[in-house]
Structures are given as structure tokens and as C-alpha cells.
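Chemist: Can you keep this structure in mind? I'll have questions shortly.
Protein chains: 2
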Amino acid sequence: MSKEPADTATKILDVAERLVQARGFNGFSYADVADELGISKAALHYHFPGKAELGEALMERYAARFARALIDVDAREPDAHAKLQAYARLYADVFQDERMCLCGMLAADYATLPDPMRRSVVRFFDDNEVWLAEVLDEGRRAGTLRFTGSAREIARTIVSGLEGAMLVARPYGDTARFQTIADLLIDGLAAETTAPARRGRSAR
Amino acid sequence: MSKEPADTATKILDVAERLVQARGFNGFSYADVADELGISKAALHYHFPGKAELGEALMERYAARFARALIDVDAREPDAHAKLQAYARLYADVFQDERMCLCGMLAADYATLPDPMRRSVVRFFDDNEVWLAEVLDEGRRAGTLRFTGSAREIARTIVSGLEGAMLVARPYGDTARFQTIADLLIDGLAAETTAPARRGRSAR
DNA sequence: GTCTATAGGCAGATAGAC
DNA sequence: GTCTATCTGCCTATAGAC
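Taken in sequence, the protein lines are chains A and B. Using the working numbering, read the first sequence as starting at 105 and increasing by one per residue. Using the working numbering, read the second sequence as starting at 105 and increasing by one per residue.
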């Protein structure tokens, strides 16, 4: 399903997305995208008036795609721990050909971003934390996850841990390096036992 | 100590470092630095022939400063857990006025960096992992840290966890957000108890 | 929708005077 | 060491023909 020829706007977004994920928002140009697609820069400006608008469209599509992926995970995985692993797999899937998570990359470029893009980046992290916190609470209620303290704080640790794992593993071009860290985060922080910040009794 | 007037080269490095940490390597220009110091771009080129050389000098100084800081930590903190906390504090100190860790930021810009800078970034992460792994092993031997599995993998999780925490917390301009995650990483991953990846018996 | 042509600005960098 | 002046090239963006 959904394998139509893909119109120009979509092709532009595809190429731009890959370039931003690999090189950052200040590391690619309209010329890069135009050359790769064999069209003129003016054609890009027809579809996206300026780089700011292109960036917004990029974020909008990425966030929507990610939201759909989370709904899929909720539908497919019954267990909270499995949901966390599926969540980490979403990141692992992105971590190909030198790509960062789009929002992780834009978080690095944050100081130079136009305001609408900034808001999208923050919203992305917020949404992810909310989803993760719900999964964590759900797992704790069901007994498949054990942790002490705030689910929201664990959620933040997972988001930033996965973003950081991509950031640091990318220079090594090493998927296994990312995966090992992701496993430690998920299995160590949220499953089986986790040490509370101070003086908590250990689970099990 | 060491509060001499600071020569031009040092002032250039100071300004450039802050700009790179805040805006990324592709988000600042010679003109930015020159304007802020009230000198000409040509003067910058006298001290650092090109942006690549400036970047290398930036990395060199940053790595040396970080290495000294680790030696200080080793000298001041007797306990492995305290060393980890002091290590996290090094990151927290950097996390001011919208700054990222220099190497975290350059990891994001990695695809666009000249080769010598790339090597410096990787070396920085390698050195940090080696130091952390030694602290972790030392703590395990002394009984102040408890974890199962490879110290090197835990070390990688800490490095990327702290880098990711900076990356994600920065858009919120929230130091507490960073600190909470750092505490969870250090106290949860390396102290007291930590769950092994699969089916391990829990410590304590 | 896509093109060519071009504007206008800023990037990194150099020459040569002081 | 630092300056002014300048170069060349790329950047984002627009105008107007097809």
C-alpha cells in the first residue's frame, strides 16, 4: 500500500529529510536537494517558499509518522516491556546511513532554528515523553516493569539516552554500539530491577 | 591563578568555542567572532589560517582541558561513585547559556567536519569511555559500585546518556532537567543495583 | 510546475599597506 | 599583528518566460 509514484513535494521532503538528518539544518542547501533530484532550485521554492517552511514541513511529516508508529506499537505489542523495545527499534531503524533522529539533529541546531521549528522539536520530545510515561506506568501496574520514582523522569532518561546513543554511535558508524546502549537503557532502567535514586529497596 | 590578560588567539578560541557549542560548527562564521572581539576577519586568519584549523585548535584545547579535569577528579574524589558524580558535574558545568558539550555538538556536525576534527571527536569519546570504564571497574572491585556486564558498555551508556541529556534538555533551557537525568544515569546504572540485560539475578 | 537568469548577501579566504 | 580592500563562490530568494 501507498507506493504511488510520489509527487515532487514528497521527493523534495525525502531528500531534504535525509540531508538534514545526516548533515544538520545548516549543513545542506536548496542546491543540494535540487541537484540530487535533477530539478532547479526555483522549483523547490515553488513547493516550499523558504528553508523555514521546508523545515516546518519536514517536522510536521516526521512527527506525524512517529505518532503513527507509536499507535502501531500500542496496537501490536501487548506488553509494556515489548513496547519499550519496539520504541527503541524505531530509533534503530532511523540509525542508518549516517542518519540521526531528525529531532535530535534539530535539537543540536536549536539555537539557529526559526521559531515554528523550535516549537515542533519541543513538542516532539514532549509527546514522546508522555507516551513513554504511560507505557511505564502501565507496565508498573501490570507488574512487567519495575522502577521507583517518576515515570516521567524515566521517560526523559530513555528519550535522551536513545538520542545520545545515536549522536555518539554515529561517528563510529556502528549499529551494534547503538543497540547495546539501547538494550542497557531499556532492560536496565525499566525491567526486572532498577535502583532508586537513593536508598530504595531493590525489587525482587 | 592563571588570569593573565589573555592574548588574541586565546580570546578567539574562547568566543569561537562558545559559538560552536551554542550554534554548531556550521552555525557560526569568522565574521561573528571578529565582530564580537572588535577585530577584523583578517586578524583571525592570521592566527588560524582557516576554519578547519580553528576547529582543530578548539578540539585540542577542549580535550586537554577535559583530560586535566579527569585527573583532578581522580585526585580529589577517593570513591568511584563520587568520581562518577563529579564526572556528571563536568557536563552540568558546561550546560550553561544554551551550550552543548563541544564534542556532542561536533558529533552532530560530524558528516560535515574536516578529517582531523573527526578524529579528535572520536578520540574524545574513546578517552572518556576508557576513564569511565576504569572508574567502574575500580568501584566494582571496591564494592561501592554494583553492576553486571561490561564496564565499557556501561561507560558508553553514561557518555551517550549525558550527551543526550544535554541535547534534549537544552531546548527547554532547563538545568534541572539535565541534572535529574544525570542522577538517574549515575545512581541507577552504576550504584546499588542494576539489572543485567537478560535473566541475571539482581544484586543485593 | 518547471525553467533560466539574476539579484543581494554572506561565507571563507587572500593581498598588501601599516 | 592588525588593518582595509577585495575576490570568489555559494547561499536564499525572486522575476518572469514557457
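Beta carbons: idealized from backbone N, C-alpha and C, even for Gly. Because the structure is a prediction, the values reported are computed rather than measured.
List the whole-angstrom C-beta distance separating R127 of chain B from P275 of chain A, where the pair is believed to meet the contact cut-off of C-beta under 8 Å.
Modeler: The pair is not a contact, with the Cβ atoms about 20 Å apart (cut-off 8 Å).
Chemist: Confirm, please, whether the CB-CB distance from L210 of chain A to G253 of chain A is below 9 Å.
Modeler: Cβ distance not < 9 Å, so G253 of chain A and L210 of chain A don't count as in contact.
Chemist: Between which residues of its own chain and A237 of chain A is the CB-CB distance below 6 Å, once the five residues before and five after are set aside?
Modeler: Once the five neighbours on either side are set aside, the close Cβ partners of A237 of chain A are A255, R256, A259.
Chemist: Less than 9 Å separating the beta-carbons of M204 of chain B and M270 of chain B?
Modeler: Closer than 9 Å, so yes.
Chemist: Determine whether the Cβ of V272 of chain B lies closer than 9 Å to any Cβ atom of chain A.
Modeler: At least one chain A Cβ lies under 9 Å of V272 of chain B.
Chemist: Given this structure, state the Cα-to-Cα distance separating A307 of chain B from E267 of chain B, to the nearest angstrom.
Modeler: The pLDDT assigned to A307 of chain B is 39, lower than 50, so where the model puts this residue is not dependable; a value taken from the coordinates is nonetheless given after this. Answer to the nearest angstrom: the Cα atoms are 28 Å apart.
Chemist: Determine the closest residue to G265 of chain A out of A:K145, A:R250, A:A294, with distance taken between C-alpha atoms.
Modeler: Closest option to G265 of chain A, Cα to Cα, is A:A294.
Chemist: Measure the C-alpha to C-alpha separation of Y310 of chain A and F228 of chain A and round it to an integer number of angstroms.
Modeler: Examination of residue 310 of chain A is not possible in this model, given that chain A is present from 105 through 308 alone.
Chemist: Threshold first: 4 residues or longer. Then list the alpha helix (DSSP H) segments lying entirely within the segment 215-239 of chain A, N to C.
Modeler: Listed in chain order, there is nothing to give.
Chemist: Taking the straight line between their C-alpha atoms, what separation do you get for H151 of chain A and E202 of chain A?
Modeler: Going by the C-alpha atoms only, they are around 27 Å apart.
Chemist: Excluding five sequence neighbours on each side, which residues of the same chain lie with their C-beta closer than 7 Å to the C-beta of V198 of chain B?
Modeler: So the list reads C205, once near-sequence residues are dropped.
Chemist: Apply the 10 Å Cβ neighbour rule to I290 of chain A and answer buried if 16 or more other Cβ atoms are within range, or exposed otherwise.
Modeler: So I290 of chain A ends up on the buried side.
Chemist: Answer with buried or exposed for R281 of chain A, where buried requires no fewer than 16 other C-beta atoms within 10 angstroms of its C-beta.
Modeler: Buried: at least 16 other Cβ atoms inside 10 Å.
Chemist: If you reduce the DSSP assignment to three classes, tell me which class I258 of chain B lands in.
Modeler: Correct three-state label for I258 of chain B: helix.
Chemist: Distance check for P218 of chain A and Y134 of chain B, CA to CA, integer angstroms please.
Modeler: About 22 Å.
Chemist: Can we say the segment 173-185 of chain A touches the segment 234-248 of chain A, given the rule of at least three CB pairs closer than 8 Å?
Modeler: These segments touch.
Chemist: Report yes or no: is there a C-beta of chain A within less than 9 Å of the C-beta of F152 of chain B?
Modeler: Cβ-Cβ to chain A under 9 Å: no for F152 of chain B.
Chemist: Output, in chain order, the set of chain A residues within a Cβ distance shorter than 7 Å of A157 of chain B.
Modeler: It should be pointed out that residue 157 of chain B corresponds to Glu in this sequence rather than to Ala. Those do not exist, as E157 of chain B stays about 20 Å from chain A at its closest Cβ, beyond 7 Å.
Chemist: Note down the Cα distance separating A147 of chain B from P153 of chain B, rounded to an integer number of angstroms.
Modeler: Going by the C-alpha atoms only, they are around 10 Å apart.
Chemist: Tell me whether M209 of chain A sits in a helix, a strand or coil according to DSSP, three-state version.
Modeler: Looking at M209 of chain A - three-state DSSP - the assignment turns out to be helix.
Chemist: Verify the CB distance criterion: does T114 of chain B have a CB-CB separation below 9 Å to chain A?
Modeler: False, the Cβ-Cβ gap to chain A never drops below 9 Å.
Chemist: For a test of the three-state rule: what should DSSP assign to R305 of chain A, helix, strand or coil?
Modeler: Bear in mind that the predicted position of R305 of chain A carries a pLDDT of just 37, short of 50, making it too unreliable to give a figure here.
Chemist: Hey, quick one: how far does the alpha helix (DSSP H) through D278 of chain B stretch, first residue to last?
Modeler: Run containing D278 of chain B: none; DSSP gives neither H nor E here.
Chemist: Any idea if Q125 of chain B is buried or exposed, counting beta-carbon neighbours within 10 angstroms, 16 or more meaning buried?
Modeler: Result: buried.
Chemist: Classify V234 of chain A: buried if its beta carbon has 16 or more other beta carbons within 10 angstroms, exposed otherwise.
Modeler: Exposed, because fewer than 16 other Cβ atoms sit within 10 Å of the Cβ of V234 of chain A.
Chemist: So, is the C-beta of A269 of chain A closer than 9 Å to a C-beta in chain B?
Modeler: Answer yes: the Cβ-Cβ gap between A269 of chain A and chain B drops below 9 Å somewhere.
Chemist: On the criterion of 16 or more Cβ atoms from any shown chain inside 10 Å, does S144 of chain A qualify as buried, or is it exposed?
Modeler: Exposed.
Chemist: Cα separation between S224 of chain B and I116 of chain B?
Modeler: Using only the alpha carbons, I get a separation of about 20 Å.
Chemist: Report the three-state DSSP secondary structure of M270 of chain B (helix, strand or coil).
Modeler: Here M270 of chain B sits in helix by DSSP.
Chemist: Going along the chain, which residues of the segment 201-216 of chain A sit with their C-beta nearer than 8 Å to a C-beta in chain B?
Modeler: Listed by position along the chain: E202, M204, G208, M209, A211, A212, D213, Y214, A215, T216.
Chemist: Who are the Cβ neighbours of L188 of chain B in its own chain at under 7 Å, not counting the five residues just before and after it?
Modeler: For L188 of chain B, where only same-chain residues beyond five positions count, the Cβ hits under 7 Å are V239, I290, A294.
Chemist: Return yes when the Cβ of G208 of chain B is within less than 9 Å of the Cβ of V226 of chain A, no when it is not.
Modeler: No.
Chemist: Can you have a look at D111 of chain A and say buried or exposed, based on whether 16 or more other CB atoms are within 10 angstroms of its CB?
Modeler: D111 of chain A should be labelled exposed.
Chemist: Can you give the beta carbon distance from A192 of chain B to A286 of chain B, rounded, assuming they're within the 8 Å contact cut?
Modeler: Their Cβ separation, rounded to whole angstroms, is 4 Å, which keeps A192 of chain B and A286 of chain B in contact under 8 Å.
Chemist: Between which two residues does the alpha helix (DSSP H) holding F170 of chain A run?
Modeler: From DSSP, the alpha helix (DSSP H) with F170 of chain A extends over 155-180.
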